[in-house]
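Which chain is which? The protein sequence lines are A and B, in order.
So in my numbering, the last spot in the first sequence is 440, and the numbers never skip.
So in my numbering, the last spot in the second sequence is 1246, and the numbers never skip.
Here a beta-carbon is modelled for each residue, glycine too, at the ideal position from N, C-alpha and C.
None of these values were measured; they are calculated from a predicted model.
Written out below as structure tokens is the structure these notes cover.
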Amino acid sequence: MDPSIALRTQILERVRQYAREKFARRAFDPAKDLVHYAGRVFDEEELYSLVDASLDFFLTANRYVERFETEFASLLGLSNALLVNSGSSANLVALTSLTSPKLGDRQLKPGDEVITVAAAFPTTVAPIVQNRLVPVFVDVNLGDYTAIPERLEEAMGPRTRAILMAHTLGVPFDLDKAAGLAEKHGLWLVEDNCDALGSRYRDRLTGTFGHLATFSFYPAHHITMGEGGCVVTDDETLSRVARSVRDWGRDCYCTGGENNTCGKRYGQQFGTLPQGYDHKYVYSHIGYNLKVTDMQAAIGCAQLGKLESFTARRKANFQRLMDILKPYEDRLLLPRATPGSDPSWFGLVITVRENAGFGRNELTRFLEANRIETRNLFSGNLLRHPAFEGIPHRVVGDLKNTDRIMNQTFFIGVYPGIEQAHLEYMARVFARFMGGERVS
Amino acid sequence: MPVVQKLRCQVEKIVDYGEHVYTVELRPERPAPKFFPGQFLHLALDEYDPSGFWPESRVFSIASSPAQRDRLRISYSVRGRFTARMEKEMRQGVWVWVKLPYGEFVIPDQNDVVLFAGGTGITAFTSFLDGLTPQFRHRVYLAYGARRRNLLIYRDLVQEKSRAVPQFRVLFFIEEVPGGGPPPGGAESGEERIGSVSVESIWAELQNPGRAVYYLSGPPLMLKAISQDLGRRGVAPGAIQVDAWE
């Protein structure tokens, strides 16, 4: 027997032992421990997979990438899943793909408009700007924090070609409206599903409605591979283009270490290149290198197997926290799902009511001082940030709610790492604040 | 392109047509991924260690139907070192590796389509033909040739479809007829011509040649001759799709 096989078995068994020792669960100590808003939840399986992939030392995409992409596409019931190195990269790849000349008269061109929201994470909107397209901002609802459906129709202009929006913190936007509008006007629909893996709309997983959808596997997200993301589509042309955009813009689709996958490496004619120029070095797009390693995918494979239980825990934690916060509804606007949706909540979003008698920062300062992590709803209003102030854009109506979110909204965690002890502690801290206690 | 998967497959059946032409049925260890008619797979004879590099392989059109994911079928003729190894090493029960699906030689229902197939090049179309029904909204023409009648290895499938699909028209071509006389075959010989697959023989049949898309799969000399002839007849380069591998 090859001695390396026995050694590998020993190493992996020791990795399991190490994981059990190093990362053993311990009781929550409210006097010292943080209640994180999000975080990686893992056990020995993730470490096992990670080390297993590292022992292959293939490094670039290989068997674990193939496995993850296969299982992920299967979960969504789609043909194509393409791993990238982050959710932000996924958005960049997805939107850039829509500018491909391979799409013919549906290609997005500079100056074309993309409907989106300003109460967003910056890299949902940044790819619109980076591709010299024009974002058209609509306001969002308070409570579900997704685009006001009526505004989407109002946003339509002669150059409107696409909709790119996030299912904010797990809450699906009105997909009936958005998909209907896309179909009616021939728009591209891109779902930024980075914060909503496991959410459903009319019993169907989000990320399966758009021409393209994106996912993030950053540690704060529903599953993680450290850094990582994914672009999914059921459209074969978009898949091929997205792969090209991800992989330096090249026309060739060989993965690392492969040659002549197309079977005609030296037999084709492209542009004004000489006949038979090596296909490996033919570029059909202005692309990037946004690939993942096999080690990242290995972690993702272990995490994907836990998605169902993670989703259930997110929903349960959300519900328990809602019960805890219900008595304060006169001062706190609590979140709600959009009609027809079943969110896999990323967090529990709270907007401090105008007549609450305290402001958002007063409350978050108190929570943070008591080791309960809080986060603003990302940028609040993206248009008020230095990088976005001068971008060409259009606003439909006003962004009154978006501004309120910027001033009065934040969220706390519901991730699977939050357990009963954390919830009880959070209940006590909220009660103290609502009873009048403040940070001195 | 659907997610590419690498699968270990057992050779379940080999059909030997003589003259070094074979059809191989493969049984994958797990169901094959979704693929489209006209796509191809890579086949490797050497053991593949999934933690390492993919071994030497060659591409073959997937001749079986996408509806049947528990079997994969390819056909090949021995033309070089790798296919000579296939002829020598592939036996019933042997394990091989495949990865699939690849390729964009896919025929959409957008125009009349004219298929030119030479020899085992027909496999680029068999999956499409297998799924062809009267619901296909356009006309389909097939010119299918081989050196000898016994090497028209998918003739049965083609004839079955010809009977079932009114808008499907087929012409067979046989390059060599024993004794040099007219081909035997009774009534069906009306569909059969002696000689190489040519544009000339099918051109008059086409109702609107300027709006058709032409798909070519077969030996390099045939591809070159047909492409040039189509060009001479004013067919735009974009309307000529060639399935050519090295």
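Amino acids of chain A, ordered along the chain, whose beta-carbon sits closer than 9 angstroms to that of residue 1224 of chain B: Under the 9 angstroms cutoff, chain A gives no residues; its nearest Cβ is about 12 angstroms from residue 1224 of chain B.
Three or more C-beta pairs below 8 angstroms linking the region 8-23 of chain A and the region 385-399 of chain A: no
Any C-beta of chain A under 9 angstroms from that of residue 1102 of chain B: yes
Beta-carbon proximity list for residue 1036 of chain B, same chain, < 6 angstroms, skipping 5 on both sides: 1106
C-beta contact flag for residue 190 of chain A and residue 222 of chain A at 9 angstroms: no
Same chain, Cβ closer than 7 angstroms to residue 143 of chain A, five either side skipped, listed in chain order: Hits under 7 angstroms: 333, 335, 336.
Residue 1173 of chain B - partner residues in DSSP beta bridges: B:1145, B:1193
Paired residues, beta bridge with residue 1007 of chain B - DSSP: B:1098
Within-9 angstroms CB hit, residue 1238 of chain B to chain A: no
Proximity to residue 29 of chain A [Cα-Cα], best of A:118, A:434, A:424, A:435: A:424
Same chain, Cβ closer than 6 angstroms to residue 448 of chain A, neighbours up to 5 away in sequence not counted: What the structure shows of chain A is the stretch from 1 to 440, and residue 448 of chain A is not part of that stretch, so it cannot be assessed.
Proximal residues, the region 136-167 of chain A versus chain B, C-beta separation under 8 angstroms: From the region 136-167 of chain A, no residue has a Cβ closer than 8 angstroms to chain B.
Any chain A beta carbon closer than 9 angstroms to residue 1250 of chain B: Only positions 1001 to 1246 of chain B appear in the structure, and residue 1250 of chain B is not among them; the question remains open.
Residue 520 of chain A in three-state terms, based on DSSP: Any answer about residue 520 of chain A is impossible in this case: the structure gives chain A only from 1 up to 440.
Sequence-distant residues of its chain with Cβ nearer than 8 angstroms to residue 219 of chain A (five each side left out): For residue 219 of chain A, the CB contacts under 8 angstroms within the same chain, skipping 5 residues up- and downstream, are 38, 39, 40, 226 in chain order.
One or two residues paired with residue 191 of chain A in a DSSP bridge: Beta bridge pairing from DSSP links residue 191 of chain A with A:165, A:213.
Closer than 9 angstroms to chain B by CB, residue 239 of chain A: yes
Amino acids of chain B, ordered along the chain, whose beta-carbon sits closer than 7 angstroms to that of residue 73 of chain A: 1003
Residue 1109 of chain B to residue 195 of chain A span [Cα, whole Å]: 38 angstroms
Close-in-space but distant-in-sequence residues of the same chain around residue 1219 of chain B (CB under 8 angstroms, 5 per side omitted): 1118, 1119, 1121
Cβ neighbour criterion (16 or more within 10 Å) applied to residue 1222 of chain B: buried
Counted within 10 angstroms of its Cβ, other Cβ atoms place residue 101 of chain A as buried (16 or more) or exposed: exposed
Outcome for residue 286 of chain A when other beta-carbon atoms lying within 10 angstroms are tallied against a minimum of 16: exposed
Anticipated Cβ contact below 8 angstroms, residue 114 of chain A with residue 128 of chain A, distance rounded: 5 angstroms
Residue 81 of chain A: contacting residues in chain B (beta-carbon distance under 7 angstroms): 1003
Limits of the beta strand (DSSP E) - the one that residue 442 of chain A falls within: Lying before the first or after the last residue shown, residue 442 of chain A is absent from chain A, which here runs from 1 to 440.
CA nearest to the CA of residue 327 of chain A, picked from A:427, A:415, A:243, A:391: A:427
Chain B within 9 angstroms of residue 91 of chain A, Cβ atoms only: no
Presumed contact (8 angstroms Cβ cut-off) between residue 187 of chain A and residue 246 of chain A, rounded CB distance: The pair is not a contact, with the Cβ atoms about 23 angstroms apart (cut-off 8 angstroms).
Closest by C-alpha distance to residue 1203 of chain B, when choosing among B:1029, B:1235, B:1098, B:1178: Answer by Cα proximity: B:1235.
8 angstroms contact criterion, which residue 1003 of chain B and residue 1099 of chain B should meet: CB distance rounded: Actually they do not touch by this definition, with Cβ atoms about 11 angstroms apart.
Proximal residues of chain B, C-beta to C-beta of residue 266 of chain A below 9 angstroms: 1246
Residue 180 of chain A in three-state terms, based on DSSP: helix
Residue-level contact to chain A via CB, residue 1024 of chain B, 9 angstroms cutoff: In terms of beta-carbon proximity, residue 1024 of chain B stays away from the interface with chain A, with every pair separated by 9 angstroms or more.
Beta-carbon contacts of residue 370 of chain A that lie in its chain and below 6 angstroms, excluding the five residues immediately before and after: 429
Whole-angstrom distance between residue 265 of chain A and residue 68 of chain A, CA atom to CA atom: 28 angstroms
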